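Enquirer: Let me give you the structure first, and then I'll get to my questions.
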């Protein structure tokens, strides 16, 4: 088994580790020589390259699965469109003669405001933020490529990734609306879904498919942060209205609930953390 990952970050690193533990040879593309050494020390085979620069993607190894899980680092001299859509375009060119499954980590940000309603894979896309627009542009590059799998992730949370945790500990207000739905997936379950999706993709070589990835149990924002506060022994949270041009305000305007039925039924995956309650308990059980 030979795997290649573009974007070995919060999610990608966990997928890579599971592949490695299963005995696979795992190649990881990184821009940083220092990061390459760290990855090498962990048992991965690092390759120096940049998805936004096609000249750095020559002579990539033959593999049986490609995972594109690239995040956008701010600040950056590159636009988010050049990293997401431009980067995927360069990767597709590098593998133009290959037919292995390519898994693209997208976002439910490709959907527009839903007024609190449910959305799924059949819901028309209408991204409002630049990240969603760039992700949708990348998805569209895969329309004519068989054996490509698009995973539209909800908000990933997990160890060291709970927004506003320090605000809660210090009894500072959260700069976000108290109402509106949050759609979440624990990072360990996210990695589990990627691996299950890979298995599914290898069994459906002629298909190009889209799946929403979420735990299927949306929660109102205030309820979520009340639970975080309870688990860490912090005061009841307070909320302030964010700047209308801020990312927090833009996320709040989407106000949707993500249906994960297709993911569950197709991948036959059983989530370890089917709601935020179990996930937060695992992360914060000892008030870390």
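Numbering (the numbering used here), first residue to last: 142 to 429.
Where is the CB? At the ideal position from N, CA and C, for every residue including glycine.
Since this is a predicted model, take the numbers as computed values, not measurements.
1) Rounded to the nearest angstrom, what separates residue 311 and residue 302 at their Cα positions?
2) For the stretch 319-327 against the stretch 281-291, do three or more pairs of beta-carbon atoms, one drawn from each stretch, fall closer than 8 Å, so that the two count as touching?
3) Under three-state DSSP, which class holds residue 381?
4) Given a threshold of 16 other Cβ atoms within 10 Å of its Cβ, counted over all protein chains shown, does residue 228 qualify as buried or as exposed?
5) Can you grab the Cα-Cα spacing for the pair residue 209 / residue 346, in whole Å?
6) By how many angstroms is the C-alpha of residue 413 removed from the C-alpha of residue 142?
7) Do residue 186 and residue 232 have their C-beta atoms closer together than 9 Å?
8) To the nearest whole angstrom, what separates the beta carbons of residue 378 and residue 366, a pair I think is in contact under 8 Å?
9) Do the CB positions of residue 145 and residue 207 come within less than 9 Å of each other?
10) To the nearest angstrom, how far is the alpha carbon of residue 419 from that of residue 372?
11) Residue 236 by DSSP, collapsed to three states: which one?
12) Starting from the C-beta of residue 405, find all residues in its chain whose C-beta is less than 6 Å away, skip the five residues before and the five after it, and write them out in chain order.
Expert: Short version:
1) Taking the Cα positions, residue 311 is about 17 Å away from residue 302.
2) no
3) strand
4) Flag for residue 228 reads buried.
5) 18 Å
6) Going from the Cα of residue 142 to the Cα of residue 413 covers about 26 Å.
7) No; because the gap between Cβ atoms is not below 9 Å, this pair is not in contact.
8) Yes, they are in contact, since the Cβ atoms of residue 378 and residue 366 sit about 5 Å apart, within 8 Å.
9) yes
10) 11 Å
11) Look at residue 236 here: in three-state DSSP terms it is coil, with no helix or strand label.
12) none
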